[in-house]
Each structure stands twice: as C-alpha cells, then as structure tokens.
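Undergrad:
Residue numbers (the numbering used here): 11 to 385.
1. Beta-carbon within less than 8 Å of residue 237's beta-carbon, same chain only, minus the 5 sequence neighbours each way: which residues are those?
2. Going by DSSP in three states, residue 356 sits in which element: helix, strand or coil?
3. Less than 8 Å between the C-beta atoms of residue 153 and residue 85, yes or no?
4. Determine the DSSP secondary structure at residue 154, reduced to helix, strand or coil.
5. Assuming residue 216 contacts residue 231 (C-beta within less than 8 Å), just tell me the rounded distance between them.
6. Which of helix, strand or coil does DSSP assign to residue 5?
7. At 4 residues or longer, and completely inside the stretch 193-266: list those alpha helix (DSSP H) runs for me, N to C.
8. Compute the Euclidean distance between the alpha carbons of residue 376 and residue 367, then round it to the nearest angstrom.
9. Rounded to the nearest angstrom, what separates residue 54 and residue 379 at their Cα positions?
10. With a CB to CB cut of under 8 Å and the five nearest residues on each side skipped, what residues in its chain are close to residue 87?
11. Using CA coordinates, which residue listed in 289, 292, 256, 361 is at the minimum distance from residue 312?
12. Can you tell which of 126, 355, 274 has its C-alpha closest to the C-alpha of residue 197?
13. Could you say which of 42, 287, 37, 89 lies nearest to residue 22 if we only look at CA atoms?
14. Below 8 Å on the Cβ atoms is my guess for residue 209 versus residue 151; work out the distance and round it to an integer in Å.
15. Can you look up residue 55 in the DSSP assignment and give me helix, strand or coil?
16. Determine whether the beta carbon atoms of residue 103 and residue 199 lie at a separation below 8 Å.
17. I need the straight-line Cα distance from residue 97 to residue 212, nearest angstrom please.
18. Could you pull the start and end residues of the alpha helix (DSSP H) that residue 307 belongs to?
19. Keeping to the same chain, check which residues put their C-beta closer than 7 Å to that of residue 99; ignore five residues upstream and five downstream.
20. Which one of 126, 25, 229, 111 has the shortest CA to CA distance from residue 157?
21. Take the Cβ of residue 48 as the centre, count every other Cβ of all protein chains shown within 10 Å, and call the residue buried at 16 or more, exposed below.
22. CB-CB under 6 Å to residue 283, same chain, minus the five flanking residues each way: which ones, in chain order?
23. Count the CB pairs spanning the stretch 243-254 and the stretch 299-316 that are closer than 8 Å, and state whether there are at least three.
24. What span of residues does the alpha helix (DSSP H) with residue 149 cover, start to end?
25. Would you mind sorting residue 101 into buried or exposed? The rule is 16 or more other CB atoms within 10 Å of its CB.
26. Taking the straight line between their C-alpha atoms, what separation do you get for residue 89 and residue 203?
27. Is any heavy atom in the ligand ATP found nearer than 7 Å to the beta carbon of residue 239?
28. Using the C-alpha atoms, what's the distance from residue 225 back to residue 241?
29. Just the Cα atoms here: how many angstroms apart are residue 361 and residue 45?
30. Could you work out which residue in 60, 28, 13 is closest to residue 351 when comparing CA atoms only?
31. Under a three-way DSSP split, which group does residue 22 fall into?
32. Exposed or buried, what is residue 245 when buried is set at 16 or more other beta-carbons lying within 10 Å of its beta-carbon?
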C-alpha cells in the first residue's frame with residue numbers, strides 16, 4: 011500500500027498506523043484522495059474485516075477466561091481436610107494449648123458421644139447409624155472409606171477402624187489424663203480433629219438399619235458420594251486408593267479425580283521366616299521381590315478385583331455423552347463458522363466495491379450470448 015501511494019503520488023498516509031488502529035479497534039483518518047481509490051478500498055477494506063474477526067476472537071477468548079470459574083485448590087494433606095469451624099474453639103487441641111497452655115479446657119464431650127454411638131452400632135445389630143448425624147456440617151468435608159471386617163458385630167469403615175487405637179476416645183477412660191500423653195503428638199491432634207463429628211464418616215444413603223448394608227452396598231454408596239463432586243474425600247490404604255482411583259477414572263472419565271500427597275499411619279510390611287533352616291523358601295521369596303515378580307502379581311491382583319465390579323451410576327455417563335446437534339461449543343465447528351464468515355464477508359464486500367466492473371462484465375456476457383444465438 012505504501013508503494014502504491016508513492017507511485018500514484020497521493021497524499022502522505024502512514025499505512026502502518028491505520029492497520030494498528032484497526033487492530034486496537036480505533037479509527038484513523040484517511041485522506042480523501044486515497045479513500046476514493048479502489049485499490050485502497052479493496053486492500054484496506056479486506057484488512058478491516060479480518061482485523062474485526064481476529065479482534066473479536068481474541069476478546070471472546072479473554073472474556074471466556076475471565077468468566078470461567080477459578081481453578082479449585084487441590085487438597086494435598088490431611089490437614090487441609092480439617093474443618094475451619096473447629097480451628098478456633100475448645101474442640102481443637104492446638105487452639106486450646108495455645109490459648110490456655112494445657113488441655114484442661116479441651117472439650118471431648120462431642121467426640122465421645124459421637125464415637126459411643128458408633129461403638130454401639132458396630133457391636134450390636136439393628137442399631138441406627140444415624141445416632142451421630144446430629145453434629146454433621148455440610149460445610150465440612152466428608153471422610154469416607156469402604157467397610158472392612160472387624161471384631162465387632164458389624165463391619166466398620168476403614169478410616170474409623172484405623173484410628174480406634176486412640177485410647178483417649180474410648181468411653182469410660184480418664185480423658186484428661188490420656189490427653190496429656192497423646193496430644194503433644196501432631197498426628198494425634200490431627201486425628202482428633204478429623205474425628206470431630208462435624209466430619210461425616212459414612213455416606214448419606216446409609217439408613218437406620220446398619221445390618222442391611224453389606225460391603226458391596228456400602229461401597230456403592232461411597233462411590234455415589236465421591237462422584238457427586240461435593241466436599242467428599244476417600245481414604246484408605248495406598249493400594250485401595252490406587253484401585254479406586256483407577257476405577258473412577260475409567261468409568262467417570264469426565265470427572266477429574268486426584269489423590270493427595272500425604273500418607274499417615276504408614277507401617278512397613280515384609281516377610282519374616284522363623285526356623286527356616288535349610289529351606290529355600292526365603293531365597294525364592296527374595297528372588298520374587300528382587301525380580302519384580304511380586305509387585306507384578308500385586309498389580310494383577312488389583313486388576314482382577316475390578317473385573318466383575320460395575321459402576322454405581324451408569325445413567326450419568328450416558329447423559330454426558332449426548333451432545334447437542336448444533337452448537338458452537340466444539341472447537342472444530344467454531345473453526346468452520348469463523349472460516350465461513352471470513353470467506354463470505356469479503357465476497358460481499360468485493361461485490362459491493364466492484365459493482366461497476368461486475369455490471370460491465372455481466373453486460374458483456376449477455377451481449378456475447380446474443381451474438382452466438384444470431385450466428
């Protein structure tokens with residue numbers, strides 16, 4: 011365009027400034043002698059159309075990013091699960107120790123009533139699971155786990171059974187004396203806070219009769235709560251967590267699941283052979299571990315445990331896969347719309363600007379056809 015203006019000896023005009031202003035959605039004055047030239051109208055007119063499309067695409071992307079919900083923070087440790095509502099009251103050992111210097115003002119009553127109701131439901135069939143729900147808070151995380159066999163009459167959630175060794179919560183124990191021995195331990199303080207009854211430890215679908223729920227039914231209820239994407243977490247040993255994570259990612263692929271980085275109550279596991287003598291069994295076991303065969307067998311065992319397992323909810327996946335027939339939500343369809351607009355608008359613009367030439371061309375074609383008919 012600059013070369014054309016120079017060769018045609020037109021008024022001086024900064025073409026780059028005009029192009030920059032159109033990109034920034036600003037106007038810029040054009041001299042009258044340049045504006046009347048068809049070459050300018052065709053070239054700069056097409057550029058204006060493209061700049062409008064590019065600018066609006068950019069604005070659309072920015073608006074989408076600004077209006078999109080903020081990325082949720084991922085929970086990494088068990089401390090992130092502790093409900094903020096108990097952080098500044100007498101049910102939090104850290105707060106009580108910082109405020110009073112000892113644990114004499116620590117309130118155990120809610121914990122003991124909550125755990126006592128669970129002990130009763132575990133030990134005796136037909137006792138309600140709903141006894142501890144009076145303290146639940148919807149703003150606090152649910153800490154769920156699968157049922158595992160126990161020495162009680164009923165099966166027990168894995169997380170609750172793992173922390174029952176905290177003797178200070180046993181009914182009838184001298185709580186004030188036991189707290190002095192336990193709460194200097196950071197892990198014990200964390201466990202005490204996670205056992206606060208504001209954190210529910212069983213799914214909402216558990217009814218009044220706990221004996222009616224077997225391990226499979228309880229697991230489906232837990233799975234339903236997890237995929238609802240509420241404030242719910244699943245806790246268990248590392249192998250079980252990996253199995254559940256793989257299963258959920260496979261059958262609910264549209265939900266982003268992740269696991270934390272912290273492991274509590276971890277204990278080393280190994281094999282110890284007594285009085286083996288000249289037996290080659292210890293040597294064979296060592297070969298299994300060193301060669302990686304044992305770890306491979308564990309992986310296959312985890313996979314086999316999921317062979318006959320079916321997702322708790324199937325209908326949700328079918329509904330998710332149904333896409334609208336016409337929509338601009340897909341990137342491919344959006345690209346076609348932009349391409350069609352970029353092609354059709356310049357064509358309309360070209361017809362309007364070159365209407366005189368087109369009129370002469372049409373007139374010439376008609377005259378040529380008439381001559382052919384006469385011949």
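Heads up, the beta-carbon is just placed ideally off N, CA and C, and yes, glycines get one too.
Just so you know, these numbers come straight off a predicted model, no measurement behind them.
TA: According to the data block:
1. 258, 262, 265, 322, 323, 326
2. helix
3. no
4. strand
5. 6 Å
6. Here the chain has residues from 11 to 385 only, and residue 5 is not among them.
7. 196-204, 225-237, 248-261
8. 14 Å
9. 36 Å
10. 270, 271, 272
11. 256
12. 274
13. 42
14. 6 Å
15. helix
16. yes
17. 22 Å
18. 303-314
19. 105
20. 229
21. exposed
22. 292
23. yes
24. Run containing residue 149: none; DSSP gives neither H nor E here.
25. buried
26. 9 Å
27. The ligand ATP is not part of the structure shown, which contains no ligands of any sort.
28. 23 Å
29. 18 Å
30. 60
31. coil
32. buried
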